[in-house]
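Trainee: Let me give you the structure first, and then I'll get to my questions.
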Amino acid sequence: MKQDDSKYWLAFASIEQIGSVFIKTLFEHFGSIKSAWCAGADELYKVENLTKGQINYFLESRKKINPDECLEYIQDKNLDFITYTDIQYPYLLKQIYNPPMTLFYKGDLSRCNFNRTVAVVGSRKASDSAKTVLTSIISELKNTDICIVSGLAIGIDSCAHQAAIKNNLATIGVIASGFDFIYPKQNKYLYDKIEKEQGVVFSEYWPSFDPLPWRFPHRNRIVTGLSKGTLVAEAAMKSGALISANLCLEQNRELMCMPGLLTNPNTEGIYKLIKNGASVVTRGQDILDALQWQIEMPKPQKSESTMEYLDLTEEERTVFSLVAADGMTVDMIVSQSGIDFGELTVILMNLELKGYVKQTDGGKYMSLVNVG
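In structure tokens form, the structure reads like this:
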């Protein structure tokens, strides 16, 4: 892209109340972003599908903006950016209805294979069991060129990014504000880790734009748009994760769901999506099957079993290891563990509350976590 054009893309991006559809409409009408920026009022009023109010707002905003100063401002911020016409612009994202015209980023684009992208979305108030299972699923993709995309929020998003980093996978975080803000603040270490080592953090927003509530669902179209498919890990009936699921379907991408405990309100949306045809994912291979990817999976190493990351006391670990190997009745567990019946009852109850085991109709206790 010519340096001469950069400043006009940035000038458009600096106008807070103008969205990507408006900019794209002008760009396609005039054939260049410079012509779109410099067009006279009479020319602008002739553009189809734009209102007079939108044009007037743009004309008033343009009077206060110097494109050269916009470019200097971004350079002073040490921010990288790509625009809709750049060769580096992700192909999948370009196919959606309203792709961002400018993407600011920190990190290294070359770390990410934009053809092997999987979005992970879910509840900010994610259950421990959901985070454990999601970590296990992502760990089964270890050392491949798959790239995990999420929104750098707390809960499922953070879990997905952390699991990717732990398993040597590239990861992309898409934020809902400009880079002057880190939201939530407790994820600063994730921002830094992704930027410096593991992938890219993207934002379509000018650095000074706040993390306003409406920007979060709007951001989700980029998360799903960057991705071949979206995995929903937990979702209540009214949630941002369901918004992302609908965006995924609108973008004609593969929708996948991770089932969870039926007693968890955050799984109601999951089972609705599954009933409507979403693919079920309980292991890494399910993602590969759904997306029709052929990848040689690394052999699991027992020393890196999911068991190491479960929140278990020593006694709970002993009992869970027996149950995980094969379903067992209470009597069988007492016999093999030597734990007193009364103490064992308490341990099993705690394991159930943590979402790690369940009791079947036949009286056996079974593991709900794939420890591989």
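Per the numbering used here, the very first residue in the sequence shown carries number 2; after that it's consecutive. Just so it is clear, CB atoms sit at the ideal spot from N, CA and C, and this is done for glycine as well. As the structure is a computational prediction, the values presented were derived from the model and not from experiment.
1. Which residue comes first and which comes last in the beta strand (DSSP E) that contains residue 339?
2. Here's the rule: buried if 16 or more other CB atoms are within 10 angstroms of the residue's CB, otherwise exposed. What is residue 339?
3. Using the Cα positions of residue 146 and residue 118, report the straight-line distance between them to the nearest angstrom.
4. For the 8 Å Cβ check, are there 3 or more pairs between the stretch 245-252 and the stretch 216-233?
5. With a cut-off of 8 Å, do at least 3 Cβ pairs link the stretch 36-49 to the stretch 6-17?
6. If contact is defined by three or more beta carbon pairs under 8 Å, each pair taking one atom from either stretch, is the stretch 199-209 in contact with the stretch 161-173?
7. Report the rounded CA-to-CA distance for residue 263 versus residue 223, giving the unit in angstroms.
8. Can you check the stretch 48-133 for any alpha helix (DSSP H) of at least 4 residues that lies completely inside it and give the ranges in chain order?
9. From what residue to what residue does the alpha helix (DSSP H) around residue 31 run?
10. Looking only at its own chain, which residues have a Cβ that is under 8 Å from the Cβ of residue 103, when we skip the five neighbours before and after it?
11. For residue 270, which residues in the same chain have their Cβ closer than 7 Å to its Cβ, ignoring the five residues on either side in sequence?
12. The alpha helix (DSSP H) with residue 230 in it runs from where to where?
13. Rounded C-beta distance between residue 142 and residue 170? I'm assuming under 8 Å.
14. Taking a contact to mean a Cβ-Cβ separation below 8 Å, would you say residue 283 touches residue 120 in this structure?
15. Taking the straight line between their C-alpha atoms, what separation do you get for residue 251 and residue 126?
16. What are the start and end residues of the alpha helix (DSSP H) that includes residue 217?
17. If contact is defined by three or more beta carbon pairs under 8 Å, each pair taking one atom from either stretch, is the stretch 55-64 in contact with the stretch 183-198?
Mentor: Quick answer:
1. Unbroken run through residue 339: none, as it is neither H nor E.
2. So residue 339 ends up on the exposed side.
3. For residue 146 and residue 118, the distance between alpha carbons rounds to 9 Å.
4. Below 8 Å, enough C-beta pairs join the stretch 245-252 and the stretch 216-233 to call them touching: three or more.
5. Flag = yes, the stretch 36-49 and the stretch 6-17 touch.
6. Touching, yes.
7. So the alpha carbons of these two residues sit roughly 30 Å apart.
8. Runs of alpha helix (DSSP H) with 4 or more residues, each lying fully within the stretch 48-133, are found at 53-63, 68-77, 92-95, listed in chain order.
9. It spans 21-31 - the alpha helix (DSSP H) in which residue 31 sits, taken as one unbroken run.
10. So the qualifying residues of the chain are 10, 11, 13, 14, 82, 83, 84, 85, 205.
11. Sequence-distant partners of residue 270 (beyond 5 residues in either direction) whose C-beta falls short of 7 Å from its own C-beta, in its chain, are 236, 237, 238, 240, 242, 243.
12. Taken as a continuous stretch (DSSP letters only), residue 230 belongs to no alpha helix (DSSP H), being part of the beta strand (DSSP E) at 230-233.
13. Cβ atoms of residue 142 and residue 170 come within 8 Å of each other, at about 6 Å.
14. In this structure, residue 283 sits away from residue 120, with a CB-CB distance that is not shorter than 8 Å.
15. Answer to the nearest angstrom: the Cα atoms are 26 Å apart.
16. Segment 216-226, the alpha helix (DSSP H) holding residue 217.
17. These segments do not touch.
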